[in-house]
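Visitor: Pasting a structure here, questions to come.
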Amino acid sequence: CVEITEGCRLPVLRKNQENEDEWPLAEILSVKDIHGKKLYYVHYIDFNKRLDEWVTPDRLDIKKLQFPKKEAKTPMKDGLPGSRPSSPERDVKKSLDLHVQSASATSRGKTLPTPKRKAESISLATQVTAATPVPSLPSSAEASQASVYPTMRDSSFSIKSRDEHEPLTSLTTNGTTSIQRHLIPPPPGRKRKSCGGTDEVCPADKNARSQNQHDSQDSSDGIPSAPRMTGSLVSDRSHDDIVTRMKNIDCIELGRHRLKPWYFSPYPQELTSLLILYLCEFCLKYLKSLKCLQRHLTKCNLRHPPGNEIYRKGTISFFEIDGRKNKAYSQNLCLLAKCFLDHKTLYYDTDPFLFYVMTEYDSKGFHIVGYFSKEKESTEDYNVACILTLPPYQRRGYGKLLIEFSYELSKVEGKTGTPEKPLSDLGLLSYRSYWSQTILEILMDLKSENGERPQITINEISEITSVKKEDVISTLQYLNLINYYKGQYILTLSEDIVEGHERAMQKRHLRIDPKCLHFTPKDWSKRGKW
326 CVEITEGCRL PVLRKNQENE DEWPLAEILS VKDIHGKKLY YVHYIDFNKR LDEWVTPDRL
386 DIKKLQFPKK EAKTPMKDGL PGSRPSSPER DVKKSLDLHV QSASATSRGK TLPTPKRKAE
446 SISLATQVTA ATPVPSLPSS AEASQASVYP TMRDSSFSIK SRDEHEPLTS LTTNGTTSIQ
506 RHLIPPPPGR KRKSCGGTDE VCPADKNARS QNQHDSQDSS DGIPSAPRMT GSLVSDRSHD
566 DIVTRMKNID CIELGRHRLK PWYFSPYPQE LTSLLILYLC EFCLKYLKSL KCLQRHLTKC
626 NLRHPPGNEI YRKGTISFFE IDGRKNKAYS QNLCLLAKCF LDHKTLYYDT DPFLFYVMTE
686 YDSKGFHIVG YFSKEKESTE DYNVACILTL PPYQRRGYGK LLIEFSYELS KVEGKTGTPE
746 KPLSDLGLLS YRSYWSQTIL EILMDLKSEN GERPQITINE ISEITSVKKE DVISTLQYLN
806 LINYYKGQYI LTLSEDIVEG HERAMQKRHL RIDPKCLHFT PKDWSKRGKW
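For the sequence shown, the numbering used here assigns the number 326 to the initial residue and increments by one for each residue that follows.
Listed below in structure tokens is the structure:
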């Protein structure tokens with residue numbers, strides 16, 4: 326009998342979305358023995374971590390078992406010691422990962438060999454095309470003045486040769502955007518206080534750290550940047566360990582819902598052995614048994630989140646919660662959210678943040694649907710730090726409603742905003758969809774004057790929507806709308822895009838009504854320590 330240890334890789338049986346059997350390659354992260362029967366905690370390679378699970382031995386294909394490689398303890402050719410065991414594919418990925426390691430190690434005072442230019446360009450191009458907004462126009466000055474025209478595409482439409490003008494992007498036949506390496510701006514020298522990125526670790530007494538492995542989906546996380554000293558919530562996965570890679574809570578009961586967590590969350594250790602963790606759905610306090618919850622409910626007077634109700638329409642309300650004034654609630658909210666957010670960390674110091682909680686009202690009270698948080702003072706125009714719709718309410722339009730509300734607040738503040746990067750896979754899909762619908766809505770409402778094509782600038786779109794200019798440009802790239810024609814940039818809307826947008830808007834029933842928003846922005850820079 327072969328002993329299966331941590332670090333081994335082998336195919337594991339699981340059901341796919343069509344409920345069919347498949348055998349993807351998985352890595353054993355942990356082994357435990359319950360009443361003489363072994364269980365294995367597996368991570369499916371190239372799958373999202375939320376699919377990680379405990380499996381029984383009968384689901385393992387031992388015939389194809391791969392043991393972790395032991396690296397030589399003597400120094401290698403490049404001068405790096407290799408004393409720790411590696412996974413089978415680590416050597417293949419090493420050349421591409423060197424620049425990421427270099428970024429994180431430099432902030433800790435270590436020196437690593439400079440990666441080759443070729444490897445760096447491959448990795449940067451992959452990351453930027455996936456998620457990082459990159460301006461598609463030659464310069465910001467030209468971008469702000471370049472008129473773009475929504476027009477119906479016809480067969481006689483032609484585009485000038487791109488070699489003459491050297492635009493920043495080239496549009497390919499399959500509708501994707503390919504980015505030339507020499508035109509990608511270098512990563513800015515930002516500083517992060519936080520702990521998906523390669524950032525400095527926060528002090529232990531400030532936050533509870535949760536890291537993610539650098540797996541395949543993280544290519545959408547953007548270019549690694551140096552640490553910055555603001556209230557960021559991005560998690561630091563460069564210090565990943567086996568504890569934070571494993572889900573530690575089996576089930577959460579929140580009101581009438583039972584939730585299966587996706588990721589690790591730093592709840593107290595003694596609660597991780599419970600079959601069910603009980604939460605008060607109004608104050609989010611965690612309790613170890615149903616009896617404790619029932620006793621708590623006789624004393625808990627809350628029937629809505631603490632803070633000010635700043636929006637109400639129908640059964641939907643939004644509450645603004647100050648992380649300093651309502652610290653216990655904010656910390657409990659972060660603990661709950663961390664169960665479903667892998668790219669963010671949890672702050673026990675919630676003072677620098679505001680939390681906007683969306684609720685649904687019935688006769689029993691205001692039930693939490695989702696939330697987003699934002700920094701009171703953001704030097705980088707972030708209008709969202711974390712954003713989450715709880716699983717029971719997903720795929721019902723609430724995610725877009727949260728995003729729309731965050732931009733309505735930015736409009737009242739007179740600013741443009743952008744979400745803090747990196748976004749999770751679901752977050753990126755939601756934002757891309759929202760940006761696309763919002764921008765297409767404006768372009769299709771434009772009226773032509775004197776029979777000429779209607780004109781609008783990138784800056785005007787940004788001002789109308791409060792979407793940051795870089796996000797507007799990246800969305801136009803993503804939709805493959807920007808073309809260069811007769812010396813100027815134009816937008817061409819095909820019939821497919823118009824019809825697809827109209828179908829999507831017919832399904833979008835939940836919208837924010839600005840008339841129902843009662844919000845006065847505060848100038849936090851004049852409030853000392855908030």
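Where is the CB? At the ideal position from N, CA and C, for every residue including glycine.
Can you tell me whether DSSP reads Ala351 as helix, strand or coil?
Guide: Strand at Ala351.
Visitor: For the candidate residues Lys638, Thr675, Leu726, Ile387, whose alpha-carbon lies nearest to that of Tyr686?
Guide: For the residues Lys638, Thr675, Leu726, Ile387, the minimum Cα distance to Tyr686 belongs to Lys638.
Visitor: For Leu660, which of helix, strand or coil comes out of DSSP?
Guide: Three-state result, Leu660: helix.
Visitor: Quick one: Cα of Leu609 to Cα of Ile641, how far?
Guide: So the alpha carbons of these two residues sit roughly 19 Å apart.
Visitor: Kindly list the residues whose CB is nearer than 6 Å to the CB of Tyr636, restricted to its own chain and excluding five residues on each side of it in sequence; keep chain order.
Guide: Hits under 6 Å: Phe643, Cys841, Leu842.
Visitor: Have a look at the DSSP bridge pairing and note the partners of Phe279.
Guide: Beyond the ends of the chain as shown, which are 326 and 855, falls residue 279; an answer cannot be given.
Visitor: Grab the span of the alpha helix (DSSP H) containing Trp379 for me, first residue to last.
Guide: Unbroken run through Trp379 is the beta strand (DSSP E), 378 to 380; no alpha helix (DSSP H).
Visitor: Can you give me the start and stop residues for the alpha helix (DSSP H) that Thr737 sits inside?
Guide: What sits at residue 737 in the sequence shown is Val, not Thr. Residues 723 to 738.
Visitor: Taking the CB atoms as reference points, tell me whether Leu354 and Arg334 lie closer together than 8 Å.
Guide: In this structure, Arg334 does not lie closer than 8 Å to Leu354 by Cβ.
Visitor: Kindly identify the DSSP beta-bridge partner or partners of Glu578.
Guide: Answer is Arg583, Tyr603.
Visitor: Could you tell me the distance, in whole angstroms, from the CA atom of Ser731 to the CA atom of Tyr681?
Guide: The alpha-carbon atoms of Ser731 and Tyr681 are separated by roughly 9 Å.
Visitor: Taking DSSP's pairing of strands, which residues face Ser700 in a bridge?
Guide: A quick correction: the sequence has Glu, not Ser, at residue 700. Paired residue(s): Phe678.
Visitor: Just tell me which of Arg828, Gln780, Thr704 has its CA closest to the CA of Ser758.
Guide: That would be Arg828, whose Cα lies nearest to the Cα of Ser758.
Visitor: Sort Lys394, Met769, Gly361 by Cα distance to Pro382 and report the nearest one.
Guide: Considering only alpha carbons, the answer is Gly361.
Visitor: Out of curiosity, what's the CA-to-CA distance linking Thr502 and Lys793?
Guide: With a pLDDT of only 31 at Thr502, under the threshold of 50, the placement of this residue in the model should not be trusted; the figure read from the coordinates follows. When rounded, the distance between both Cα atoms is 19 Å.
Visitor: Taking a contact to mean a Cβ-Cβ separation below 8 Å, would you say Leu835 touches Leu751 in this structure?
Guide: No, Cβ-Cβ distance for Leu835 and Leu751 is not below 8 Å.
Visitor: Going by alpha carbons, who is nearest to Ala710 out of Glu738, Ser688, Gly695, Leu748?
Guide: Comparing Cα-Cα distances from Ala710 to each of Glu738, Ser688, Gly695, Leu748, the minimum goes to Leu748.
Visitor: If you reduce the DSSP assignment to three classes, tell me which class Asp838 lands in.
Guide: Coil at Asp838, not helix or strand.
Visitor: For Cys711, which of helix, strand or coil comes out of DSSP?
Guide: The answer is strand: DSSP assigns Cys711 an E or B state.
Visitor: Across which residues does DSSP place Lys362 in a beta bridge pair?
Guide: Lys362 is bridged to Ile359.
Visitor: Any contact between the stretch 598 to 609 and the stretch 570 to 580? By contact I mean 3 or more CB pairs, one from each, below 8 Å.
Guide: Touching, yes.
Visitor: May I ask you to verify whether the stretch 585 to 595 touches the stretch 661 to 669, counting CB pairs closer than 8 Å and requiring at least 3?
Guide: With the cut-off at 8 Å, the stretch 585 to 595 and the stretch 661 to 669 touch.
Visitor: Does the stretch 644 to 658 come close enough to the stretch 603 to 621 to have 3 or more Cβ pairs within less than 8 Å?
Guide: Yes: at least three Cβ pairs fall under 8 Å.
Visitor: Roughly how many angstroms separate the alpha carbons of Lys340 and Ile329, rounded to a whole number?
Guide: Distance between the alpha carbons of Lys340 and Ile329 is about 22 Å.
Visitor: Under 8 Å by Cβ, that's how I've got Val367 and Asp358 pegged, so tell me the actual separation to the nearest angstrom.
Guide: Between Asp358 and Val367 the Cβ distance is about 16 Å, and since that is not below 8 Å, they are no contact.
Visitor: For the ligand HEM, I want to know if Glu634 counts as a neighbour, meaning its beta carbon is within less than 7 Å of at least one of the ligand's heavy atoms.
Guide: The ligand HEM is not part of this structure, which contains no ligands at all.
Visitor: Cα separation between Cys625 and Ile789?
Guide: Cα to Cα, the separation comes out at about 43 Å.
Visitor: If you run the structure through DSSP and keep just helix, strand and coil, what is Val792?
Guide: It is a strand residue.
Visitor: Rounded to the nearest angstrom, what separates Leu622 and Cys605 at their Cα positions?
Guide: If I take the Cα positions, the gap works out to 7 Å.
Visitor: Would you give the residue range spanned by the beta strand (DSSP E) that Gln762 belongs to?
Guide: First-last for Gln762: 750 to 770, but that is the alpha helix (DSSP H), not the beta strand (DSSP E).
Visitor: What span of residues does the beta strand (DSSP E) with Thr597 cover, start to end?
Guide: Where Thr597 is concerned, there is no enclosing beta strand (DSSP E), given that its DSSP letter is neither H nor E.
Visitor: Is the beta carbon of Thr741 sitting closer than 8 Å to the one on Ser703?
Guide: Their beta carbons are not under 8 Å apart, which means Thr741 does not touch Ser703 by this criterion.
Visitor: Check whether the Cβ atoms of Thr743 and Asn708 lie closer than 8 Å to each other.
Guide: Closer than 8 Å, so yes.
Visitor: How many Å lie between Ile837 and Tyr696 at the Cα?
Guide: The alpha-carbon atoms of Ile837 and Tyr696 are separated by roughly 15 Å.
Visitor: Quick one: using the 10 Å Cβ neighbour count with 16 as the cut-off for buried, is Glu795 buried or exposed?
Guide: With 16 or more other Cβ atoms within 10 Å, it is buried.
Visitor: Identify whether Gln391 lies in helix, strand or coil by the three-state DSSP scheme.
Guide: Three-state result, Gln391: strand.
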